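The listed protein sequences derive, respectively, from chains F and L. Residues in the first sequence are numbered consecutively from 1, following full-length UniProt numbering. Residues in the second sequence are numbered consecutively from 1, following full-length UniProt numbering. Here the structure is laid out as structure tokens; the discussion comes afterwards.
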Amino acid sequence: MQTSNKISFSRRSFLKTSVLASGGMLIGFNLFNACKEDAKMPVDLSQLNYNDFNAFIKISEEGKVTIFATNPEIGQGVKTSMPMLIAEELDVLWEDVYVVQAPLDTENYRNQTAGGSQSLRRNWEPLRQTGATAKQMLVNAAAARWGVEASTCTAKQGVIINANGETIGYGDVVLEAAQLEVPEDISLKDPKDFTIIGTKTANVDIDKIITGKPLFGLDYKEAGMVYASVIRPPAFGQVLESFDATTAKRMPGVIDVITIGEKARAMLTEGRPNWSVKLSTTDKIVVVGKTIWDAIKGAKAVKTTWKTDSNLESTKEHDKKLLDLLNGNKFRTRRKDGDVEKAFAEADKVVERIYESTFLPHNTMEPMNFFANVTPEKVHLVGPTQTPEAAANAVASLLGRPIEDIHVDLTRMGGGFGRRLYNDYVIEAAEIADKIKMPVKMVSTREDDMTTGVYRPACKYKIAASIKDGKLTGYHLKEACVNGNMYGLVPNFFPAGAIANYQVDSVPLRSNITTGAWRAPYTNFLAIAEQSFFDELAEEMEVDRVQLHMDLLDNVKKNPSPKVDYSPERLQGVLQMVVEKSNYGKTTEGVYQGLSVYYCHNTHVAEVADVILDNGMPFIKKVTCAIDCGIVVNPLGALNQAKGGVLDGIGHAMYADFSFKDGVPSANNFSSYQLIRMGQTPEVDVHFAKSDIAPTGLGEPTLPPIGGAVANAIYKATGQRLYKLPFMNNLQSKEVIG
Amino acid sequence: MPTFNLKINNKAYTVEADSDTPLLWVLRDQINLIGTKYSCGIGQCGACTIHTDGIANRSCLLQVSQAEGMNITTIEGLSEYGDHPVQEAWKAIDVPQCGYCQSGQIMTAAAFLEKNTNPSSEEIRNAMNGNICRCASYRSIEEAVKVAAKKMS
Ligand code: FES
Ligand code: FES
Chain F
1 MQTSNKISFS RRSFLKTSVL ASGGMLIGFN LFNACKEDAK MPVDLSQLNY NDFNAFIKIS
61 EEGKVTIFAT NPEIGQGVKT SMPMLIAEEL DVLWEDVYVV QAPLDTENYR NQTAGGSQSL
121 RRNWEPLRQT GATAKQMLVN AAAARWGVEA STCTAKQGVI INANGETIGY GDVVLEAAQL
181 EVPEDISLKD PKDFTIIGTK TANVDIDKII TGKPLFGLDY KEAGMVYASV IRPPAFGQVL
241 ESFDATTAKR MPGVIDVITI GEKARAMLTE GRPNWSVKLS TTDKIVVVGK TIWDAIKGAK
301 AVKTTWKTDS NLESTKEHDK KLLDLLNGNK FRTRRKDGDV EKAFAEADKV VERIYESTFL
361 PHNTMEPMNF FANVTPEKVH LVGPTQTPEA AANAVASLLG RPIEDIHVDL TRMGGGFGRR
421 LYNDYVIEAA EIADKIKMPV KMVSTREDDM TTGVYRPACK YKIAASIKDG KLTGYHLKEA
481 CVNGNMYGLV PNFFPAGAIA NYQVDSVPLR SNITTGAWRA PYTNFLAIAE QSFFDELAEE
541 MEVDRVQLHM DLLDNVKKNP SPKVDYSPER LQGVLQMVVE KSNYGKTTEG VYQGLSVYYC
601 HNTHVAEVAD VILDNGMPFI KKVTCAIDCG IVVNPLGALN QAKGGVLDGI GHAMYADFSF
661 KDGVPSANNF SSYQLIRMGQ TPEVDVHFAK SDIAPTGLGE PTLPPIGGAV ANAIYKATGQ
721 RLYKLPFMNN LQSKEVIG
Chain L
1 MPTFNLKINN KAYTVEADSD TPLLWVLRDQ INLIGTKYSC GIGQCGACTI HTDGIANRSC
61 LLQVSQAEGM NITTIEGLSE YGDHPVQEAW KAIDVPQCGY CQSGQIMTAA AFLEKNTNPS
121 SEEIRNAMNG NICRCASYRS IEEAVKVAAK KMS
């Protein structure tokens, strides 16, 4: 087998091995930092500790490989794709590989975060190096046994072969290999020699999922465990005044009714902030029950009185304030190239539009929940979180315990979408457990989940562009957003770098409504706004939409700049690909097409939506999607991710309506909040660009552009431009789609 | 507290519960059949779908007192070895993303295909429309139902 990418790297520092007492070889490794000098490898699997290593591989004497996967699984497939990288370079049969979710033991378990579609990208090299190093050690052991040069041996699918054609299985040399020096010079495979990466590989948990085995946080049980339902203020801006739990306490299934909040308040006010905490500091009532139903029923029986503590905000007033901010001058400039004012003054024409979005709840299918057991010896936490390390730190600080006392076990997550980056529910569980001194699981109902969320903030953009002599000369984007500045973190995205005079300004509107990251946080609405705007610009300029983009990207190629994150070549590549695959621009009777092309999360995507009119109403028939995400590690998982992102994007752009009135959310369950359903989904035709560049994210990038493609297609079908989410509420003919 | 006799996956169980307790919670918390999922509790999402006398039913809306005398099947009892044609199709297509909604999706599909082994796309989309998948694995679900239908006909 041909190898390439020879790299010299001190492998000794990040990888150690041991012989397991039960037989087999154990490899402990660190992905991003060297092992401690005195890091000790366990010899017993029950002793795996993640103080010194962030993951382990076990190779048994039968040649079977167990990988302790390091990233929490939220449905983006990393629990499958990351072990694929190790297995590829270790060169074993995928059938012989087992994957176990590694627990989080202390703060030393770094980078165990699922969010931002970064998992694969960051681990691409280190995981492959680890596999390749282990393979080399096995080869060296076999060579030593045969008394030949290691360089004359090769290994494939778990078998080592020497020049005489003799073979030996990995399992037969693990004990010797484990005692060898860790080699320094390791070769990684040439991508064209991959046998696992790039093959369709089913989700490693598939058998458990389809037979209903316990996997998720809500499924976790422990002897003596009780359940807690938390009553939180019904409106943002309210706090607890008093409550009467007499009836609840009389219920046979109710164990106790308590309040929490003190410790969380102390933690937050004593200046131990933690970005992953989005916590209201009011007292909350907790009903502890023998079963979940006991707790939920008990909570309904508690009589509560709330008082207003700060503003009770409404969407109406947000809308007005955000528009005032957009028209005002309180902006902070995020990026400024050239002189937009001059360009605008000299223009033949200036086009200006405003785009408006709503708040969005995450609505993971599995509501927030977490198990906690606080004992003098340790604090045991079990459940779904995208940021286990931050959760451990927050709980240590909440309870005033050393971090070594905190032990987090991760479960599979019934969806994340950004919600489980925030550990408010872990902190609640820990505070409850600390108070009742019993193992307890805090369980949110759908209503709790939707009404006390960490929402995608409502946001408005004003985009203006100047046209002179048929060319785009200036582009000025202004953002006003509740609690944040979405654009602040992505100032180097298209069209930055493509237009000489370019400026981005932003201004926040402070609110007591908790907001945070929602799938593709900075771009999920920005892309809709910009990609709709470009469609209108092309029309105003009387140029072909595709040509407009190709020309702008040519500008970037001619003037390369470090202040451009995207690759103009790759964006042009996906654009041309989607045009070809969707037949964009070639009119088919009765089919109206909308285009969108976007870069985010290091991935380049172009999409075309085909809309037809059914009795005068637009219906999304098909979406064609071209993606350049580098090497596709697992085409099966990648396809699922890509399609899911597109449909999720369509659902939220079309239907998601969420607002506030006097601090109270407008919806609390799926009866009042519409998620996309099967009958509303178009066919999604996905194409991946061929590439040998390191893989980039797929959990998010197909979502942001699709809303723009849909809006542009609906415009062609109906003549109506859409500026406000959700589109359904703003279509002149209301009975649309599906 | 009253007791109820339930027949689940061909086994007899006696449980103690308030009569208005949703069967969902009895299954999950008392009988430890956690494959049936909670997501909305109001019959809107289908995560809690089970079969009662062969018909797809929402266990969050069914009170334990109403479930007596019914022949109840949960995802755990759909097949002995996880090899019901629908489960096999789910595996072949690799449908699940986060996986949370999938036992409900599988139970809905299995009951539907018992009645209609040669469904059109339209019929599949109608039959599955009550089951939400937040990860939007809908296209794979549709494909998998078609694969399962072929096996079952
Ligand atoms: S939990 Fe029963 S339908 Fe949603
Ligand atoms: S697979 Fe995640 S909700 Fe359906």
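Glycine included, C-beta positions come from ideal geometry on N, C-alpha and C. Treat the numbers as computed from the prediction; the structure is a model and nothing was measured.
Among the options, which residue has its Cα nearest to the Cα of residue i?
i: isoleucine 197 of chain F; options: F/Asn729, F/Ile693 and F/Pro726; result: F/Ile693
i: glycine 289 of chain F; options: F/Pro439, F/Lys724 and F/Asp448; result: F/Pro439
i: valine 564 of chain F; options: F/Ala529, F/Pro495 and F/Val546; result: F/Pro495
i: lysine 349 of chain F; options: F/His318, F/Gln386 and F/Gly470; result: F/Gly470
i: glycine 28 of chain F; options: F/Glu580, F/Leu20 and F/Leu15; result: F/Leu15
i: lysine 213 of chain F; options: F/Ala464, F/Val239 and F/Arg412; result: F/Arg412
i: threonine 603 of chain F; options: F/Asp448, F/Lys435 and F/Pro568; result: F/Pro568
i: isoleucine 141 of chain L; options: L/Arg28, L/Ile50, L/Lys150 and L/Ala109; result: L/Ala109
i: alanine 429 of chain F; options: F/Leu613, F/Thr364, F/Ala391 and F/Leu312; result: F/Ala391
i: arginine 574 of chain F; options: F/Ala689, F/Asp648 and F/Asp434; result: In the sequence under discussion, the amino acid at residue 574 of chain F is valine, which differs from the arginine named in the question. It is F/Ala689.
i: glycine 104 of chain L; options: F/Ile210, F/Pro491 and F/Thr133; result: F/Ile210
i: alanine 235 of chain F; options: F/Ser511, F/Met267 and F/Lys460; result: F/Ser511
i: leucine 45 of chain F; options: F/Ala39, F/Asp38, F/Cys481 and F/Thr66; result: F/Thr66
i: isoleucine 631 of chain F; options: F/Tyr98, F/Glu125 and F/Glu262; result: F/Glu125
i: serine 19 of chain L; options: L/Met107, L/Ser65, L/Trp25 and L/Pro119; result: L/Ser65
Considering only heavy atoms of ligand 1, does any lie closer than 7 Å to the CB of residue i?
i: glutamine 44 of chain L; result: yes
i: cysteine 60 of chain L; result: yes
i: serine 39 of chain L; result: yes
Measure how close the beta-carbons of residue i and residue j come, nearest whole angstrom, since I'm counting them as under 8 Å.
i: glycine 171 of chain F; j: serine 60 of chain F; result: 6 Å
i: threonine 36 of chain L; j: isoleucine 75 of chain L; result: 6 Å
i: lysine 173 of chain F; j: arginine 145 of chain F; result: Residue identity differs from the one stated: residue 173 of chain F is valine in this sequence, not lysine. About 7 Å; that satisfies the 8 Å criterion.
i: proline 2 of chain L; j: leucine 62 of chain L; result: Rounded, the Cβ-Cβ distance is 16 Å, inconsistent with contact.
i: leucine 113 of chain L; j: methionine 70 of chain L; result: Contact doesn't hold; Cβ gap of about 21 Å is too wide.
i: glycine 169 of chain F; j: glycine 63 of chain F; result: 5 Å
i: proline 635 of chain F; j: isoleucine 714 of chain F; result: That pair is no contact at about 31 Å.
i: glutamine 44 of chain L; j: serine 671 of chain F; result: 5 Å
i: valine 351 of chain F; j: leucine 537 of chain F; result: 6 Å
i: proline 705 of chain F; j: lysine 621 of chain F; result: Not a contact, Cβ separation roughly 18 Å.
i: glycine 298 of chain F; j: alanine 248 of chain F; result: 4 Å
At a cut-off of 7 Å, is residue i close to ligand 3 when judged by its beta-carbon and the heavy atoms of the ligand?
i: methionine 577 of chain F; result: Ligands in the displayed structure: ligand 1 and ligand 2; ligand 3 is not one of them.
Please list, in chain order, all residues of the same chain as residue i whose beta carbon is under 7 Å from its beta carbon, the five residues on each side excluded.
i: glycine 165 of chain F; result: none
i: proline 252 of chain F; result: none
Quick one: what's got a C-beta closer than 6 Å to residue i's C-beta in the same chain, skipping five residues either side?
i: alanine 163 of chain F; result: Thr152
i: serine 117 of chain F; result: Confidence in serine 117 of chain F is poor, its pLDDT being 47 and thus under 50, which makes the residue's placement unreliable; the coordinate value appears in the next sentence. Once the five neighbours on either side are set aside, the close Cβ partners of serine 117 of chain F are His601, Gly697, Gly699 and Glu700.
i: phenylalanine 68 of chain F; result: Ala55, Phe56, Val100 and Ala102
i: glutamine 503 of chain F; result: Lys336, Val340 and His476
i: alanine 711 of chain F; result: Ser532 and Leu722
i: proline 96 of chain L; result: Gln102
i: glycine 645 of chain F; result: Thr702 and Leu703
i: threonine 259 of chain F; result: Asp283 and Ile285
i: aspartate 91 of chain F; result: Lys135, Ala155 and Lys156
i: leucine 33 of chain L; result: Leu27, Thr74 and Glu76
i: phenylalanine 344 of chain F; result: Val350, Ser466 and Gly474
Are there any heavy atoms of ligand 2 lying less than 7 Å away from the beta-carbon of residue i, as far as the coordinates show?
i: methionine 365 of chain F; result: yes
i: arginine 134 of chain L; result: yes
i: cysteine 48 of chain L; result: no
i: cysteine 98 of chain L; result: yes
i: cysteine 101 of chain L; result: yes
i: glycine 415 of chain F; result: yes
i: serine 140 of chain L; result: no
i: serine 137 of chain L; result: yes
Take residue i and list the residues in its own chain whose beta-carbon comes closer than 8 Å to its own, dropping the five residues that flank it on each side.
i: threonine 445 of chain F; result: Ser229, Ile296 and Pro367
i: methionine 1 of chain F; result: Annotation note: pLDDT 32 at methionine 1 of chain F (below 50); position unreliable, coordinate value reported separately. Closer than 8 Å at the Cβ level, and outside the excluded window around methionine 1 of chain F, lie Thr154, Lys156, Lys189 and Asp193.
i: glycine 115 of chain F; result: Its pLDDT being 44, under 50, glycine 115 of chain F is placed unreliably in this model, and the value from its coordinates should be taken loosely. Gln386, Thr387, Gly416, Gly418, Leu421 and Ala517.
i: isoleucine 42 of chain L; result: Cys60 and Leu61
Taking only beta-carbon atoms, is residue i less than 8 Å away from chain A?
i: phenylalanine 670 of chain F; result: Structure shown: chain A not included; protein chains present are F and L.
Can you find at least 3 beta carbon pairs, one from the segment 667–678 of chain F and one from the segment 542–552 of chain F, that sit closer than 8 Å?
no
Is the segment 177–185 of chain F touching the segment 131–139 of chain F in the sense that three or more CB pairs, one from each, lie closer than 8 Å?
yes
Closer than 8 Å is the cut-off here; do at least three beta carbon pairs connect the segment 236–256 of chain F with the segment 406–422 of chain F?
no
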